[in-house]
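Chains as they are written, first to last, in my numbering: chain A, 12 to 597; chain B, -19 to 57.
The beta-carbon is built from N, C-alpha and C at its ideal position, and this holds for glycine as well.
Taking it in order: structure first as structure tokens, then the write-up.
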């Protein structure tokens, strides 16, 4: 969304960046098999514009092997959070790139296996020795073969590269390596075209393998990793209706005349909605913020034959004549998410400006007047990326639907205790396992409100804890009559000695907070401690800007303050809320 | 033409317009390094909608040399 995307803009901006006190810090390393001038500058600027203070390390040209294998290298000293290894086909194949068909067919497999193993070994060494994530670019499938139109055989030039890529994807991306990720370079090539991204003049002059004009666009592709690792990825899309989800104004044009469906303008909105629905199905929350008569607009959503998004796709609907900023704040409050995790789509430039001015945390998309551009604008956004889609992500929109129904029941029943009884809440307590570890890590990274210590753990750390003798890592799955909430709480206990356990982490997703699940979790810890002969459970409350809701939790459950710790004597018990059924699964 | 050329050079090298004249070269402008020069070539090509030949780019030793190439390419706006 920059006005000027020339590389010179980024090179110059990069010189003006000064670290901010409160910015999120990220250490990024670049390793490459070609010249990558301009990459780190562009990334630092893009990070800066998104509230991230990025410090970079760029390894010398073609030194990636040594940097990863030699434990005294600059890369080890730099201690990156994320490392990009940018490989290219010319480099990997060397002279074979030109003379692939001079190699006997029988030898080609061996060459490909060797090349694949070289990359694989680098990844494995990296995985063992670094805490950093590693993103490796897959190899570009050559767009030219001396065989011309007869190209295509097994272990032909294109097939050979395809096989290396396929193996790498399979080993790391598919098999859920928590640290190694393969970026699909051919997606970048396909999007912009090889004749654009590769410039022979620049290549012969300076070994530049991604042309200068396209460096900012390539770096933008990598930003998806950066946003999610820095925790600035977006969770929720808030949408206007008139001229955003359909063409025209419902209040003026009426149900039969809005543009949605079988005409050029209408098709663009249908396509845009289909893109939104696909994001919704994988965990992005949708909400509506529209100035309209509620009845007019909701009728379209419920009944229009070409409407793709229906009421159940929206976790929160604000169709009224209230101020759009007030509506956004209410949506954030009702969904219990930060304004900084919201993206706002509205066709009206005045609304765009107003929200930008009033709520700078919200990402406001500069939607152009031409609706045919909407789908592409959305598909080019990197702000929704996550390293791995968890089961909770794919279920999220159902969960929010359940949440809406819970709210309705709560309002209907009136009495909160009676409401809780009617909810039929079931809590399943489980030891961390390979299925739940990614989600547990995600919870520690994302939970801000009901979080006693706000310690952030990557997947491999949670994994280490769960196999340690000295730690207990458990999680809770919560279910009620409106559906499965999935894994929504977790605790990590450090077994200090034979008398004492320490609560390292204790958190509960804000969706579930206040229904007694937190008491059940603490009750589990106390019971477990008792049966292990532990006398004291100690916990800390580490205050942050957001965890006030958890502030009085220890005190409420009978912990006593001793210096900075809250201490529970296991001669006492924690009362289990009666409306919850507990299922143990150890 | 000169003015537009100087503007682009001043923007890419991030130096004041007044520092640029036909004699400006890597010898007297520290910001003119080899990579910045490629960036400059790219942006001049885009702005003037021309393509330099590789050998032409190798002959550019100072700002004035761009003008000679422009003449060859018929750029005179």
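Cα-Cα separation, residue i to residue j
i	j	result
residue 61/A	residue 24/A	14 Å
residue 317/A	residue 437/A	39 Å
residue 389/A	residue 210/A	28 Å
residue 500/A	residue 580/A	23 Å
residue 248/A	residue 220/A	36 Å
residue 58/A	residue 161/A	45 Å
residue 439/A	residue 446/A	15 Å
residue 181/A	residue 37/B	44 Å
residue 168/A	residue 108/A	8 Å
residue 572/A	residue 551/A	9 Å
residue 17/A	residue 258/A	33 Å
residue 12/A	residue 66/A	With a pLDDT of only 39 at residue 12/A, under the threshold of 50, the placement of this residue in the model should not be trusted, and no figure is reported.
residue 583/A	residue 566/A	14 Å
residue 429/A	residue 348/A	27 Å
residue 233/A	residue 486/A	32 Å
residue 564/A	residue 528/A	12 Å
residue 396/A	residue 453/A	14 Å
residue 319/A	residue 360/A	25 Å
Cβ-Cβ distance between residue i and residue j below 8 Å
i	j	result
residue -12/B	residue 30/B	no
residue 461/A	residue 524/A	yes
residue 2/A	residue 547/A	Lying before the first or after the last residue shown, residue 2/A is absent from chain A, which here runs from 12 to 597.
residue 276/A	residue 305/A	no
residue 90/A	residue 38/A	yes
residue 148/A	residue 194/A	yes
residue 218/A	residue 408/A	no
residue 63/A	residue 34/A	yes
residue 591/A	residue 531/A	yes
residue 207/A	residue 225/A	yes
residue 448/A	residue 473/A	yes
residue 357/A	residue 251/A	yes
residue 21/A	residue 56/A	yes
residue 19/A	residue 43/B	no
residue 114/A	residue 76/A	no
residue 175/A	residue 123/A	yes
residue 513/A	residue 484/A	no
Helix, strand or coil at residue i [DSSP, three-state]
i	result
residue 32/B	coil
residue 52/B	helix
residue 352/A	helix
residue 521/A	coil
residue 312/A	helix
residue 499/A	strand
residue 188/A	coil
residue 468/A	coil
residue 337/A	helix
residue 526/A	coil
residue 224/A	helix
residue 483/A	strand
residue 438/A	strand
residue 531/A	helix
residue 150/A	coil
residue 494/A	strand
residue 232/A	helix
residue 298/A	strand
residue 574/A	coil
Whole-number beta carbon distance between residue j and residue i, since they are thought to touch under 8 Å
i	j	result
residue 153/A	residue 112/A	Actually they do not touch by this definition, with Cβ atoms about 12 Å apart.
residue 393/A	residue 502/A	At roughly 33 Å, the Cβ-Cβ gap does not stay under 8 Å, so residue 393/A and residue 502/A are not in contact.
residue 515/A	residue 498/A	The pair is not a contact, with the Cβ atoms about 18 Å apart (cut-off 8 Å).
residue 98/A	residue 245/A	Not really, about 30 Å apart at Cβ, beyond 8 Å.
residue 470/A	residue 386/A	With a Cβ gap of about 33 Å, residue 470/A and residue 386/A do not count as contacting.
residue 298/A	residue 342/A	5 Å
Open item on the list: Three Cβ pairs or more, each shorter than 8 Å: is that satisfied between the stretch 365 to 380 of chain A and the stretch 333 to 343 of chain A?
Closed with: Touching, yes, given that three or more Cβ pairs across the two stretches are closer than 8 Å.
Open item on the list: Check whether the stretch 352 to 359 of chain A and the stretch 404 to 424 of chain A touch, using three or more Cβ-Cβ pairs below 8 Å as the test.
Closed with: By the Cβ rule, the stretch 352 to 359 of chain A does not count as touching the stretch 404 to 424 of chain A, because fewer than three pairs are nearer than 8 Å.
Task: Contact the stretch 292 to 306 of chain A vs the stretch 392 to 412 of chain A: 3+ CB pairs below 8 Å - done: Result yes; three or more Cβ-Cβ pairs closer than 8 Å.
Open item on the list: Could you check whether the stretch 542 to 556 of chain A touches the stretch -6 to 14 of chain B, counting it as contact only if at least three pairs of C-beta atoms, one from each stretch, sit closer than 8 Å?
Closed with: The stretch -6 to 14 of chain B and the stretch 542 to 556 of chain A do not touch, with fewer than three beta-carbon pairs separated by less than 8 Å.
Open item on the list: For the pair the stretch 422 to 433 of chain A and the stretch 320 to 329 of chain A, tell me if three or more CB-CB distances fall below 8 Å.
Closed with: With contact defined as three or more Cβ pairs closer than 8 Å, the stretch 422 to 433 of chain A and the stretch 320 to 329 of chain A are not in contact.
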